[in-house]
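Numbering follows the UniProt record's numbering, with no gaps: position 246 of the sequence shown is 246. This report concerns only the one structure given below.
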Amino acid sequence: MRLFHGNDECLTIPENWSEHPQHNMVIYEGGAAVNQARSLWRIELIRMKWHGAMVGWEQLFRIKHITSGRYLGVIENAVQLYHKDKSDFDLTAFVMYLGVIENAVQLYHKDKSDFDLTAFVMCQNKDPRKQMLEEKEEEGMGTASIQYGETNAFIQHVKTQLWMSYQTSEVTKKGLGKVEEKKAVALKDGHMDDCYTFFMALEEESKSARVEEKKAVALKDGHMDDCYTFFMALEEESKSARVIRKCSSVLNRFLK
């Protein structure tokens with residue numbers, strides 16, 4: 001699915017996203033991004049009141065980015081060390097390369113995605129006095145209180161109690177000059193328009209995105225090594241080469 005923020009922007013990752021702390025970010029983007037695989041996510045429930053029940057308010061879940069296979073997480077005042085050479089580490093270098101990323105919203109590998117880092121809940125509003133904390137227990141499927149394309153929901157990080165929000169800044173992009181970038185951050189109060197609307201992805205998009213995810217895992221784990229042998233040029237006098245030449249000759253005569 002896609003998490004739309006407003007009418008024309010959705011939660012996604014930059015085209016140049018990488019695991020490096022300076023490039024591991026989540027942004028809001030419109031235009032072509034709303035139709036691309038990098039803006040696809042999946043809600044994974046952590047706890048369920050009833051098997052097969054509808055997703056409701058205040059229900060714990062994680063948000064998985066489909067193509068990268070990583071999970072959305074929040075670290076309050078995350079400390080990132082950018083020092084490259086540990087051999088000559090000293091206090092001056094420490095001060096120079098130590099950076100504090102306030103309430104960073106980033107993607108994390110599944111092995112690091114524990115409850116405190118990646119657990120979220122959906123709320124109808126940001127006022128704790130108005131939130132439905134004592135939701136009526138219903139057996140079976142329950143009521144579809146959160147619906148695709150209709151329900152507006154605020155997303156809160158459980159551990160830090162911070163709200164998913166945004167921060168606007170001006171960045172310089174090659175070929176475009178200075179443009180406005182809206183980066184996803186977690187804030188205590190946030191903005192009035194921090195709500196999200198969920199839209200289900202097309203079946204074709206979902207299948208293609210899962211292929212991209214599995215392909216990335218296979219390439220990283222070396223499961224594609226056999227393909228190198230398969231696509232290697234055949235030896236001129238090998239049996240396989242003679243068979244292929246003969247088949248090609250027959251096929252060419254047939255086509256003529």
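We put the beta carbon where it would ideally sit given N, CA and C, even for glycine. Note that the structure is a prediction, hence the values are computed from the model and not measured.
Whole angstroms is fine: what's the gap from residue i's alpha carbon to residue j's?
i	j	result
T12	E29	7 Å
K182	V243	58 Å
H65	C247	46 Å
N35	D8	11 Å
V121	T197	14 Å
F154	A186	12 Å
S39	R245	46 Å
T67	G177	28 Å
I63	G31	23 Å
F115	G190	23 Å
Y148	S113	26 Å
Q106	E203	27 Å
N16	F4	21 Å
G6	T168	15 Å
E76	N103	4 Å
K173	N152	32 Å
P14	I146	28 Å
N24	S18	6 Å
E205	R70	18 Å
Y108	T118	9 Å
R47	G175	46 Å
Y166	A184	5 Å
C123	Q156	7 Å
Q59	I43	11 Å
H20	E150	36 Å
Using DSSP with H/G/I as helix, E/B as strand and the rest coil, what is residue i?
i	result
L187	strand
L60	coil
C195	coil
E19	coil
A33	helix
S39	helix
S169	strand
L98	Confidence in L98 is poor, its pLDDT being 44 and thus under 50, which makes the residue's placement unreliable; the coordinate value appears in the next sentence. Strand at L98.
E181	strand
V243	helix
H5	strand
L45	strand
T67	coil
L72	strand
L107	strand
T118	helix
Using 8 Å for Cβ pairs, my map puts residue i next to residue j. What's the rounded Cβ distance?
i	j	result
D194	M164	7 Å
M1	W41	6 Å
M54	T143	6 Å
L72	F61	Not confirmed; about 10 Å, so no contact.
V74	T160	6 Å
L162	K188	6 Å
V179	V171	6 Å
C10	A33	7 Å
Please confirm whether any heavy atom of the ligand NAP lies closer than 7 Å to the CB of residue i.
i	result
P21	Looking at this structure, you won't find the ligand NAP or any other ligand, since it has none at all.
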